[in-house]
Amino acid sequence: MITLSYRILGGDFDSAGLATRKLKEQLAKIGVGAPVMRRAMIASYEAEMNVVIHARTGTLWARLDEEKLDLEVTDEGPGIPDVQLALREGWSTASSQARQMGFGAGLGLPNIRKNSDLFDIETRVGRGTRIRSTILLGTRDDGGASPPVPAFLSLDHGRCRACLRCIFACPTAALRVHRSLPVMLNELCVGCTACTAECADGVFGIGDPDTGRAAVTRGFGAALPPVPPDAVLVLPRGFLAGFPLEGSPARVLAALQETGFADIRLVEEWEQALRREARARAASGKGALPLIPPFCPAVVALVESRFPSLIPHLGPWLSPLEAAGEEFPLRPVFLVAACGAQYSAACRTSLTDRLTVLSPARLAGALLPGLARKPAAAPTASAGTGGEPAPGPGELAVTGVRHVMRVLSEAEAGALGGATLLDLSLCDGGCAGSPLLCADPFISMHRWQAAPIGAAPSDAAAVPRQKPYAQRHGVRLDKDMGEAIRRLARIDALARTLPGRDCGACGAPSCATFAEDVVMGRSEADGCPHLPEHGEETQ
Amino acid sequence: MKVKELAELIDARLHLGTCSGDSEISQVHASDTMSDLIEHAAADTLLLTTLNNNQLIRVAELMDVPGICLVSGADPLPELLARACAARTAILVSPTGMEETCRLLEAHSGSLKVTRT
């Protein structure tokens, strides 16, 4: 059983209904089915409005167990002199202000009764009223099968010094440090590499989405597989400009050509093709605006898990690296993923062995011999890209986890003004800022601009997405609603006993996440060193 | 029928805010009382009303209503539009009164169910 409570202010028509809205958010969290939600919202809203219209103050209580939702609204107000009369449709004592707003039609109490399985009202004139409405749960909405959980990152436990910086850096609270070892909650991870950027010890690498095993750590990794004669290599510009070598990035390209790739293409070509397509769609006003094109697969994962109401805003195309993989149907293609999210996305697309997905470190390892020699003449790529296009009108280009989180929150609240297109990337400075590439994005951009590689016109195109986007249920406490309710209650109770310092000593980024970990069996209850039984006074 | 098609049908001004206007509407319910509106509100229902206040948006938010249609060319309050935007609810403004708007909807659309209380 869990009990939730919300205050209601009499006469405050501005925030009227807010308590019911907050209740809705909690009920959605535990997966209450649509029919129950509908009845609960009507009963709760009507009871809340009763307080706003007639009383000085009140409280909405919601008690949930596996079988039923009990709503109780108590108020300090005038009470109801004749309850039987009040339950008759059309009878009301509402003020003219309330009537002008469409209330006071005498339908509130009948509406609550109609939507309740059990209904009860107690009132004392001059003291107040208590309305109780019970709704039997019966149906449950499991939201359909969750998409498979991608394992974006691998962890090299031996390198961890338990400095705790990663747990505070993670925007989705997916990391813990338990017994001095990092633990990744894969269902919460969006592959943004914020942890990788924060970690000075090289704990994080790219994970294999199928096996969860490390595809490569930050070392040079396994040798390249044999390169067939007509193979295409697609890589980010940040890779070519990522080496502090004289004659770079041309020198890196020359070394790559020595490894036997027939064509070397930049993923930025598909990024620009996607941008063109997205701009045309945003300008046409078709679909939900602002449009969020899938430039960054980590942003897509973040929307699917933390901002599901923005899923309709995601553009219906593959990410640039995935699109590049589709471009050459008859040739072997090697894709270089700049981050864990790209790696996972590209691996999911590659159903045949025609595609090989590489981490930057693995490709760099194969280049070392070629890089040692200075090239005789400057080579050119098969195709290239110009500079970064300036954002057009209505476009908002944002990079970096914290900024993107804020922008998505604003977008969710509809507070982004006239923005029609959001160009979002979770790494600082865009994909070139991935910590899995060697250089700082500003330095690699500087290198590229100082000695750009000649560009031929690109034939890259945006590729429509076949598989629809789907909400990830990483945050749901249990698929069974009864169990989810019990857990939410236990988390709430435990969180109240914790000091709220969010110090990280337990290995979780906050007291609230620690409480959740204990209840979900991810952590021991005695993990908090500040609880009284550990000999320290809580404040 | 999509929200934006419905708007065209009754020649309504459409304030989409952050909505696409592509939500499917299969019912329209017309009423001037909040209790009636919330009782008939649903994710496929357009609410039609002479009311013009922020509580309309609260009802839309709680019941996932895709659109609210004001009548008689009413000017929606700026705060109502802002809240509608946040709630992802489209606001339509029909140039005609409630009766006439209902009549137009009933006359032009075969599949749309129009109810009034």
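In the order they appear, the protein sequences are chains A and B.
Just so it is clear: in the first sequence, position 488 is 487 by numbering that gives the first Met the number 0, and no numbers are missing.
Just so it is clear: in the second sequence, position 29 is 28 by numbering that gives the first Met the number 0, and no numbers are missing.
We treat Cβ as the ideally placed atom computed from N, Cα and C, and that holds for glycine.
In the structure shown, residue 30/B adopts coil according to DSSP, grouped into three states. In the structure shown, residue 69/A falls within a strand segment according to DSSP collapsed to helix, strand and coil. Inter-segment contact for the region 466 to 478 of chain A and the region 55 to 71 of chain A is absent: fewer than three beta-carbon pairs are separated by less than 8 Å. Annotation: residue 95/A is outside any beta strand (DSSP E); the continuous alpha helix (DSSP H) that includes it extends over 95 to 99. Rounded to the nearest angstrom, the Cβ distance from residue 410/A to residue 309/A is 6 Å, consistent with a contact under 8 Å. Per DSSP, reduced to three states, the secondary structure at residue 90/A is coil, with no helix or strand assignment. Identification of chain B residues near residue 516/A by a Cβ-Cβ cut-off of 7 Å yields none; the smallest Cβ-Cβ distance measures about 32 Å. Assigned with DSSP and collapsed to three states, residue 68/B falls in strand. For residue 417/A, there are no neighbours in chain B by C-beta distance under 7 Å, as the nearest C-beta there is about 11 Å away. Residue 99/B has a beta carbon lying at 8 Å or more from every beta carbon in chain A. Chain order gives the chain B residues near residue 12/A as 52, 53 and 54, where near means a beta carbon separation below 9 Å. Here residue 85/A is near residue 108/A, since their CB atoms are less than 8 Å apart.
Against chain B, the CB of residue 23/A has a partner CB under 8 Å away; the residue lies at that interface.
Taking C-beta atoms as the reference points, residue 254/A and residue 407/A fail to come closer than 8 Å. Counting only residues of its own chain and dropping the five nearest sequence neighbours on each side, residue 18/A has a CB closer than 6 Å to the CB of 5, 7, 47 and 59. For the pair residue 240/A and residue 232/A, the Cα-to-Cα distance works out to about 16 Å. In the displayed model, residue 302/A falls within a helix according to three-state DSSP. For residue 501/A, no beta strand (DSSP E) encloses it, and the DSSP letter there is neither H nor E. Taking 7 Å as the upper bound on Cβ-Cβ separation, chain A lies near residues 84, 85 and 87 of the region 76 to 102 of chain B. Taking a cut-off of 8 Å on C-beta distances, the region 58 to 70 of chain B touches the region 85 to 94 of chain B, as three or more cross pairs fall below it. At the C-beta level, residue 339/A and residue 152/A come within 8 Å of one another. In summary, the residues of the region 2 to 21 of chain B whose CB is separated from some CB of chain A by less than 9 Å are 15, 16, 17, 18, 19, 20 and 21, in the order they occur in the chain. Rounded to the nearest whole angstrom, the C-alpha separation of residue 486/A and residue 356/A is 40 Å. Residue 46/B is positioned such that its CB atom lies closer than 8 Å to that of residue 64/B.
With the rule of 3 Cβ pairs closer than 8 Å, the region 72 to 89 of chain A counts as touching the region 110 to 130 of chain A. Secondary structure note for residue 119/A: its beta strand (DSSP E) is the uninterrupted segment 117 to 123. Here DSSP, grouped into helix, strand and coil, assigns residue 39/B to helix. For residue 440/A, the enclosing alpha helix (DSSP H) starts and ends at 440 to 449.
Three or more pairs of CB atoms, one per stretch, sit closer than 8 Å, so the region 48 to 60 of chain B contacts the region 21 to 37 of chain B.
Residues of chain B with a Cβ closer than 8 Å to the Cβ of residue 44/A are, in chain order, 37, 57, 58 and 61. Between residue 335/A and residue 193/A, the CB-CB gap reaches or exceeds 8 Å. The alpha-carbon of residue 0/B is positioned some 8 Å away from that of residue 22/B. In terms of beta-carbon proximity, residue 40/A lines the interface with chain B, with at least one pair separated by less than 8 Å. By the C-beta criterion, the region 418 to 432 of chain A is judged to be in contact with the region 263 to 281 of chain A, since at least 3 inter-stretch pairs fall below 8 Å. A check of alpha carbon separations from residue 292/A across 319/A, 283/A, 100/A and 327/A identifies 319/A as the nearest. Residue 127/A carries a strand assignment under DSSP once its states are collapsed to helix, strand and coil.
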